[in-house]
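Position 112, counted from 1, in the sequence shown is what our numbering calls 830; the numbers after and before it change by one each time, with no gaps.
A quick write-up on the structure given underneath.
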Amino acid sequence: MTPIETTVARLTALHPKRIDLSLDRMWRILAALGHPERRLPPTIHVAGTNGKGSTIAFIRAILEAAGLRVHVYTSPHLVRFNERFRLAAAGEGRLVADEELADALDECERVNAGAPITVFEITTAAGLLLFARRPADVLLLEVGLGGRLDATN
Numbered sequence: 719m720t721p722i723e724t725t726v727a728r729l730t731a732l733h734p735k736r737i738d739l740s741l742d743r744m745w746r747i748l749a750a751l752g753h754p755e756r757r758l759p760p761t762i763h764v765a766g767t768n769g770k771g772s773t774i775a776f777i778r779a780i781l782e783a784a785g786l787r788v789h790v791y792t793s794p795h796l797v798r799f800n801e802r803f804r805l806a807a808a809g810e811g812r813l814v815a816d817e818e819l820a821d822a823l824d825e826c827e828r829v830n831a832g833a834p835i836t837v838f839e840i841t842t843a844a845g846l847l848l849f850a851r852r853p854a855d856v857l858l859l860e861v862g863l864g865g866r867l868d869a870t871n
């Protein structure tokens, strides 16, 4: 297993024992991280049953062709966990590097202090942390399960 896969496996053990359909876990971890969600660029939040990934790919291509720097958060990944996070950079941006992602996940795990949290929630928090630390013109954010209690809200 790669170091990222090892970290994700460890974070999976924190999954809550009971279903709690609220944003309380997200609010808690974001507060502990210093509210990175308040330092994000303007965001396009993409939801729907089908076509979210394609829609984000089209929007990203248009924005980058216009010279804008674009962060992207999607799920699930196809091959590598890092595919979920594309950081703004000149041209087409880049996937987050293993070390950057490991550092963000470790920081989220540390501030979470062993409290129950889903992998999607802690991964979303790590993404918001990564995106808040780097300049961009736009963030494209794909919902998870959707609805008003989705971790991306």
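We put the CB at the ideal spot given by N, CA and C, even for glycine.
As the structure is a prediction and not an experimental result, all values here were calculated from the model.
Span of the beta strand (DSSP E) around residue i
{"i": "T761", "result": "761-764"}
{"i": "R804", "result": "803-805"}
Secondary structure of residue i, DSSP reduced to three states
{"i": "V837", "result": "helix"}
{"i": "L758", "result": "coil"}
{"i": "V671", "result": "Because the chain here runs from 719 to 871, residue 671 falls outside it and cannot be looked at."}
{"i": "V856", "result": "strand"}
{"i": "R728", "result": "helix"}
{"i": "R778", "result": "helix"}
{"i": "F846", "result": "Note on identity: in this sequence residue 846 is Leu, with Phe being the wrong assignment. DSSP places L846 in helix when its eight states are reduced to three."}
{"i": "A783", "result": "helix"}
{"i": "P721", "result": "helix"}
{"i": "R829", "result": "The sequence shown places Val at residue 829, rather than the Arg named in the question. V829: helix per DSSP, three-state reduction."}
{"i": "T870", "result": "coil"}
{"i": "N800", "result": "helix"}
Proximity test, residue i beta-carbon vs the ligand NAP heavy atom, cut-off 8 angstroms
{"i": "R778", "result": "Looking at this structure, you won't find the ligand NAP or any other ligand, since it has none at all."}
Inter-residue CB distance, residue i and residue j (contact presumed, cutoff 8 angstroms)
{"i": "P754", "j": "L847", "result": "5 angstroms"}
{"i": "I774", "j": "T792", "result": "6 angstroms"}
{"i": "V764", "j": "L858", "result": "7 angstroms"}
{"i": "I747", "j": "V829", "result": "6 angstroms"}
{"i": "L741", "j": "L867", "result": "6 angstroms"}
{"i": "G845", "j": "F799", "result": "G845 to F799, Cβ: 11 angstroms. No contact."}
{"i": "R852", "j": "A806", "result": "6 angstroms"}
{"i": "D738", "j": "L786", "result": "Not a contact, Cβ separation roughly 37 angstroms."}
CA-to-CA distance, residue j to residue i, given in whole angstroms
{"i": "A869", "j": "H733", "result": "14 angstroms"}
{"i": "T724", "j": "L819", "result": "12 angstroms"}
{"i": "A822", "j": "V797", "result": "20 angstroms"}
{"i": "F849", "j": "R736", "result": "30 angstroms"}
{"i": "V788", "j": "E810", "result": "8 angstroms"}
{"i": "L729", "j": "I840", "result": "8 angstroms"}
{"i": "R756", "j": "W745", "result": "12 angstroms"}
{"i": "A675", "j": "G771", "result": "Any property of residue 675 remains undetermined from this structure, which presents the chain solely from 719 to 871."}
For residue i: DSSP bridge partner residues
{"i": "L812", "result": "As written in the sequence, residue 812 is Arg, which differs from the Leu given in the question. L805."}
Residue i - containing alpha helix (DSSP H), residue span
{"i": "I747", "result": "742-750"}
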